[in-house]
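Take a look at the structure set out below.
Residue numbers (my numbering): 2 to 273.
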């Protein structure tokens with residue numbers, strides 16, 4: 002374990018643009034390819050053998066129970082503190098170390114690279130002084146011709162002044178580091194989606210299964226699938242085309258779910 006570096010996975014947010022899905026689960030626990038987003042983020046940072054913390058707020062008890070003993074937990078009181086506030090609340094735990102900060106809702110996938118290996122360039126040769134951002138090319142062109150892709154690497158001196166109050170890393174850390182000539186951009190060699198909207202959430206699911214079908218072992222499917230992710234304990238008697246059925250969800254006989262997410266028997270969220 003690298004004693005000079007730790008990791009924080011941000012999982013406190015509600016995911017308002019994903020409503021009403023996030024009325025049932027916090028965004029960090031929404032499944033992609035039948036794996037909660039948070040588990041994908043933890044797998045990625047655990048590749049480096051780092052001490053890991055997870056923050057929680059919205060439906061926080063669900064996050065706490067899901068994480069269990071796998072990471073240090075930081076439960077934010079009241080409303081979520083934002084990216085900088087969440088790290089600020091963990092300042093004593095970080096305790097002088099550099100910190101790899103990852104958004105739980107970032108979907109990342111790079112062909113022929115395992116989770117962790119795909120972001121290794123973010124850590125390689127780091128001098129402990131610069132702030133590094135993982136990026137992909139394309140709009141909204143936040144940093145030159147690139148946009149942020151879910152993970153950053155921050156030195157202690159840029160973290161130590163953060164406070165546990167609502168704030169974000171863009172304004173308090175990244176832009177000041179950029180003005181000081183201390184910001185490095187590291188390209189991600191694969192696909193990044195922030196899963197913030199139903200359309201992106203569905204796209205991430207279909208990307209994860211290569212536009213094919215993934216059916217949990219205990220799901221019951223007697224209907225027709227064409228590009229679908231079917232969760233544990235789900236039952237599909239109808240047709241699912243480019244859709245996601247959450248664990249325990251039902252698509253009844255004669256029913257067609259297209260470009261949408263099904264929760265339970267009755268909730269359908271269109272991915273438009």
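From the three backbone atoms N, C-alpha and C, an ideal C-beta is built for every residue, glycine too. On a predicted model such as this, the values are computed, not experimentally measured, just so you know.
Answer yes or no: do residue i and residue j have a C-beta to C-beta separation smaller than 8 Å?
i	j	result
residue 238	residue 224	yes
residue 36	residue 55	no
residue 83	residue 167	yes
residue 23	residue 106	no
residue 263	residue 269	yes
residue 99	residue 129	yes
residue 245	residue 252	no
residue 11	residue 162	no
residue 43	residue 71	yes
residue 8	residue 39	no
residue 45	residue 117	yes
residue 6	residue 159	no
Straight-line CA distance for residue i to residue j?
i	j	result
residue 2	residue 47	Reliability of the predicted coordinates at residue 2 is poor, the pLDDT of 48 falling under 50, and the value obtained from them is presented with this limitation in mind. Cα to Cα, the separation comes out at about 10 Å.
residue 208	residue 242	14 Å
residue 181	residue 148	20 Å
residue 49	residue 64	22 Å
residue 228	residue 189	26 Å
residue 124	residue 199	32 Å
residue 135	residue 254	45 Å
residue 230	residue 26	17 Å
residue 78	residue 152	24 Å
residue 212	residue 206	8 Å
residue 80	residue 240	40 Å
residue 236	residue 202	21 Å
residue 178	residue 221	52 Å
At which residues does the beta strand (DSSP E) containing residue i begin and terminate?
i	result
residue 230	225 to 231
residue 206	Looking at the DSSP string, residue 206 is not in any beta strand (DSSP E); the run it does join, the alpha helix (DSSP H), is 199 to 209.
residue 25	Premise fails: residue 25 is in no beta strand (DSSP E) and is neither H nor E.
residue 260	257 to 264
residue 56	52 to 57
residue 185	184 to 188
residue 7	6 to 11
residue 242	240 to 246
Can you tell me where the alpha helix (DSSP H) holding residue i begins and where it ends?
i	result
residue 93	92 to 95
residue 41	38 to 47
residue 65	61 to 68
residue 178	176 to 180
Can you give the beta carbon distance from residue i to residue j, rounded, assuming they're within the 8 Å contact cut?
i	j	result
residue 289	residue 132	Here the chain has residues from 2 to 273 only, and residue 289 is not among them.
residue 233	residue 219	6 Å
residue 13	residue 58	4 Å
Would you list, in sequence order, the uninterrupted beta strand (DSSP E) runs of no fewer than 3 residues that lie entirely inside the region 106 to 170? 108 to 110, 132 to 138, 147 to 155
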